[in-house]
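*Asks:* The structure under discussion is supplied below as structure tokens; questions concerning it will follow.
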Amino acid sequence: MPKVTLHKGGEVFVDDVDPNTNLVVRAGIKKFPYPNLDYKCGMGKCSTCTCRIISGGEHLEAPNWKEKRQLGDKLDEGYRLACQLWVSEDIELTQEV
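Going by numbering that gives the first Met the number 0, 58 is the number at position 59 of the sequence shown; the sequence numbering is gapless.
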């Protein structure tokens, strides 16, 4: 099972998730990373769920057109939209400002 590590508000939250998991879908049904992950639309339109991948990004699919539209050059800095990610391997991310 993939381990997800979320850095937020100076704290670190860690839990295992099922393979092929979307973190925004899980948060929407009040499972980890709820209530610590910021999100809103879940469709790649608002970018509220923007996060920076610290490690494990090499296991993610390439950014889709929604991420390219919302994040632009920030993709090169490791930013992704959590609502567009399906986690199958360990990942560490942050929503620190």
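C-beta atoms are modelled at their ideal positions from N, C-alpha and C, and glycine is treated no differently.
Ignore the nearest five residues each way along the sequence and tell me which others in D89's own chain have a CB closer than 7 angstroms to its CB.
*Replies:* For the purposes of this step, residue 89 is taken as the residue at position 90 of the sequence shown. Hits under 7 angstroms: P1, K2, G55.
*Asks:* Report the residue ranges of all alpha helix (DSSP H) runs contained in full by the segment 21 to 51; include only those spanning at least 4 residues, in chain order.
*Replies:* 22 to 27
*Asks:* Verify the contact flag: T4, CB atom, against every heavy atom of the ligand NAD, threshold strictly below 7 angstroms.
*Replies:* The ligand NAD is absent from the structure shown, which contains no ligands of any kind.
*Asks:* Measuring straight from C-alpha to C-alpha, what distance separates F12 and Q94?
*Replies:* Looking up residue 12 in the sequence shown gives position 13. Looking up residue 94 in the sequence shown gives position 95. Whole-angstrom Cα-Cα distance: 12 angstroms.
*Asks:* Between the segment 9 to 24 and the segment 56 to 65, do at least 3 Cβ pairs fall closer than 8 angstroms?
*Replies:* no
*Asks:* So, is R79 buried or exposed, given that buried needs 16 or more other C-beta atoms within 10 angstroms?
*Replies:* Your numbering for residue 79 matches position 80 in the sequence shown. Buried, because 16 or more other Cβ atoms sit within 10 Å of the Cβ of R79.
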